[in-house]
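Enquirer: Residues in the sequence shown are numbered from 0 upward in steps of one, following the numbering used here. Every residue gets a Cβ at the ideal spot worked out from N, C-alpha and C, and that includes glycine. Okay, here's the structure, questions in a sec.
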Amino acid sequence: MSRFFKSWRNLCHRCSIVVTVSLVIMFLTIYYFLQGIKEEATNGSYTTQMFTPAKTKNELIEMLTTELKNMNYPITQEDLEVAIASFKIGTKYIELSRQPLKCVYRPRLTDIWISNKYWQVLRLTESDKSDTYLYIYGAYLDTRVEPRVRIIVVSSIRKTRGPKFCQFWYSNESRVEVETVISQSSPWVWDHGENYHPLIFTCKLPQDVSKSNYTGLKSENIPNSVSLVMDKCDTATNNMKIIYDVPLVQHDFGICFKMLDFPMTRISKPLVEMIELLKILGVGGIHFPYLAVDNETMKVLKYYEATKFVTLKPYSLPGYQINLPLSRHVHLRTNLEAKRKQELIPYNDCYLSNIYRYKVIGILDIDEHVFFDRGPVCSERRVRSYKCFHRTDSVLLVHNHYPIKCLEDQHCSSKHIPIDYAYIHHHRGISEFCQYNATSDTLDVIQNPFEYDPLIKKYAVEVMKQRDLVLKRIQNWDNNVQY
Numbered sequence: 000m001s002r003f004f005k006s007w008r009n010l011c012h013r014c015s016i017v018v019t020v021s022l023v024i025m026f027l028t029i030y031y032f033l034q035g036i037k038e039e040a041t042n043g044s045y046t047t048q049m050f051t052p053a054k055t056k057n058e059l060i061e062m063l064t065t066e067l068k069n070m071n072y073p074i075t076q077e078d079l080e081v082a083i084a085s086f087k088i089g090t091k092y093i094e095l096s097r098q099p100l101k102c103v104y105r106p107r108l109t110d111i112w113i114s115n116k117y118w119q120v121l122r123l124t125e126s127d128k129s130d131t132y133l134y135i136y137g138a139y140l141d142t143r144v145e146p147r148v149r150i151i152v153v154s155s156i157r158k159t160r161g162p163k164f165c166q167f168w169y170s171n172e173s174r175v176e177v178e179t180v181i182s183q184s185s186p187w188v189w190d191h192g193e194n195y196h197p198l199i200f201t202c203k204l205p206q207d208v209s210k211s212n213y214t215g216l217k218s219e220n221i222p223n224s225v226s227l228v229m230d231k232c233d234t235a236t237n238n239m240k241i242i243y244d245v246p247l248v249q250h251d252f253g254i255c256f257k258m259l260d261f262p263m264t265r266i267s268k269p270l271v272e273m274i275e276l277l278k279i280l281g282v283g284g285i286h287f288p289y290l291a292v293d294n295e296t297m298k299v300l301k302y303y304e305a306t307k308f309v310t311l312k313p314y315s316l317p318g319y320q321i322n323l324p325l326s327r328h329v330h331l332r333t334n335l336e337a338k339r340k341q342e343l344i345p346y347n348d349c350y351l352s353n354i355y356r357y358k359v360i361g362i363l364d365i366d367e368h369v370f371f372d373r374g375p376v377c378s379e380r381r382v383r384s385y386k387c388f389h390r391t392d393s394v395l396l397v398h399n400h401y402p403i404k405c406l407e408d409q410h411c412s413s414k415h416i417p418i419d420y421a422y423i424h425h426h427r428g429i430s431e432f433c434q435y436n437a438t439s440d441t442l443d444v445i446q447n448p449f450e451y452d453p454l455i456k457k458y459a460v461e462v463m464k465q466r467d468l469v470l471k472r473i474q475n476w477d478n479n480v481q482y
């Protein structure tokens, strides 16, 4: 009997160890799972959020306006009234009624088709009865020649007949004007690539609106938003706020960066160095679209955004493309054509949003700097890369290396700046991925790298001083800031 109890005791002891280890593993698994959700939520892959209930109507309105900010939807008074009513406890159904303006109904928030948070949608039925989807990203008032509205769109297919009309909506909610789409262009000028094709539609404004109305001041003749439709009287499924930002002072030049996609790479320290260098070089402002970055990098970006020197704008892929941060990164890294096409959207969004803010806009990658220097420069320097600074008084559509289209269909000419005056620094660090995807044209550059240029050293002391100062400020900055 004693042997039995001894065996039973040993068995229980072993079981308790197994149970303890199992519980530890279970709790660790739950902990890391929750940490993973928190990390993914920071990068935008989870849409479920915890809310603090609004205590007043104004708080609810502010929360709703913030939620819709990056969708560029012009929220109306009717939308706000419906929202306030819908959040009342016990409300089961809200009866809505409206009267047409001319033959057109103004679209409500509940009429809008939304794709991946930041895109609005128009469905077109093509001549072969198939459906094409237009994913609308932004609308911009352009008064550089004649008043026009440019609308950035991604089409689900390359060749589409496109929409026929623009419905213009005004701050006076009883006013609407309908005008024709007068042109369709694309910043992607190559023949290949059928899916998710970038397009720019242009609509004229009503004939009674003259250029003299557009002085940078608010005017009742400036439309507040625009909807793309196939028929004049269609009830639109999109309504994009028109961007028209004319500052009191125009800076000489600004920088639009390629969209940031670094979900697993910490770039916070070199990012601070780059921003501080651009400030020293006299840049008037920097604009960052982003897909995903780590927490430290986001805090750096939010810090500079608070100083008004940096503008941030979240981005997502339209349509049925994957938008989970890690999977999306893999998708773009293994599908360069899709990546190149998508990059054209934030390039042109940034450019058209800032044509009045800067005289010249440069488009750079995160590892590039442009230097202006009249000092000694090695005449044998191998220049294999170049960048274009676009004049905002003449260029319409941009690529990261050159202009695609100029105003009034003029020929876009580029002037090459001698390297003894200005040139680009492309920092080292060619990855295995770049080598794997190298072409015959780029393989020589990879195998025979550029010469080392010490020019940046003359800025090093000031940049490192500012870097350390900024990093210290960021460390002591409000850790509870929401981003």
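What residues match up with M239 in a beta bridge as DSSP calls it?
Expert: V225
Enquirer: Cα separation between Y195 and L396?
Expert: Approximately 18 Å, taken between the alpha carbons.
Enquirer: Just how far apart, CA to CA, sit I254 and F86?
Expert: 42 Å
Enquirer: In the DSSP assignment, what are the bridge partners of S571?
Expert: Outside the displayed range of the chain (0 to 482) lies residue 571, so it cannot be described from this structure.
Enquirer: Using beta-carbon positions only, say whether V309 and H286 come within less than 9 Å of one another.
Expert: Taking 9 Å as the Cβ cut-off, V309 and H286 qualify as a contacting pair.
Enquirer: Which of the three DSSP states is assigned to I473 in this structure?
Expert: Under the three-state reduction of DSSP output, I473 falls in the helix class.
Enquirer: What span of residues does the beta strand (DSSP E) with N194 cover, start to end?
Expert: N194 to K203
Enquirer: Here's the rule: buried if 16 or more other CB atoms are within 10 angstroms of the residue's CB, otherwise exposed. What is H400?
Expert: By the neighbour-count rule (16 or more Cβ atoms within 10 Å), H400 is not buried but exposed.
Enquirer: Does the segment 316–334 come into contact with the segment 255–269, if we say contact requires no fewer than three beta-carbon pairs (one atom in each stretch) closer than 8 Å?
Expert: yes
Enquirer: Which value, in whole angstroms, describes the spacing of the CA atoms of S211 and V469?
Expert: Any answer about S211 is weak, because its pLDDT of 49 lies below 50 and its placement is not dependable; what the coordinates show is given next. Spanning the two alpha carbons is a distance of roughly 44 Å.
Enquirer: Between which two residues does the alpha helix (DSSP H) harbouring L63 extend?
Expert: Residues K56 to E66.
Enquirer: Which whole-angstrom value is the C-beta distance of T201 and R147, which I expect to be below 8 Å?
Expert: 5 Å
Enquirer: Just checking my contact of T391 with Y357 at CB under 8 Å: how many whole Å lie between their CB atoms?
Expert: 6 Å
Enquirer: How would you call C349, buried or exposed, if buried means at least 16 neighbouring beta carbons within 10 angstroms?
Expert: Under this definition C349 is a buried residue.
Enquirer: Can you give the beta carbon distance from Y355 to Q465, rounded, assuming they're within the 8 Å contact cut?
Expert: In fact, because the Cβ distance is near 29 Å, the residues do not count as touching under 8 Å.
Enquirer: Do three or more CB pairs link the segment 233–241 to the segment 180–187 at distances below 8 Å?
Expert: The answer is no - the segment 180–187 does not touch the segment 233–241, with fewer than three Cβ pairs under 8 Å.
Enquirer: Since I believe T124 is in contact with I156 (beta carbons under 8 Å), could you give me their beta-carbon distance rounded to a whole number of angstroms?
Expert: Wrong, their Cβ atoms sit about 13 Å apart, outside the cutoff.
Enquirer: Which residues mark the beginning and the end of the alpha helix (DSSP H) in which C411 is found?
Expert: Per DSSP, C411 belongs to no alpha helix (DSSP H) and is neither H nor E.
Enquirer: Given that a residue counts as buried once 16 or more other Cβ atoms are within 10 Å of its Cβ, and exposed if not, what is W189?
Expert: exposed
Enquirer: Please state the DSSP three-state secondary structure of V245.
Expert: coil
Enquirer: Classify Y31: buried if its beta carbon has 16 or more other beta carbons within 10 angstroms, exposed otherwise.
Expert: Its pLDDT being 45, under 50, Y31 is placed unreliably by the model, and nothing is read from it.
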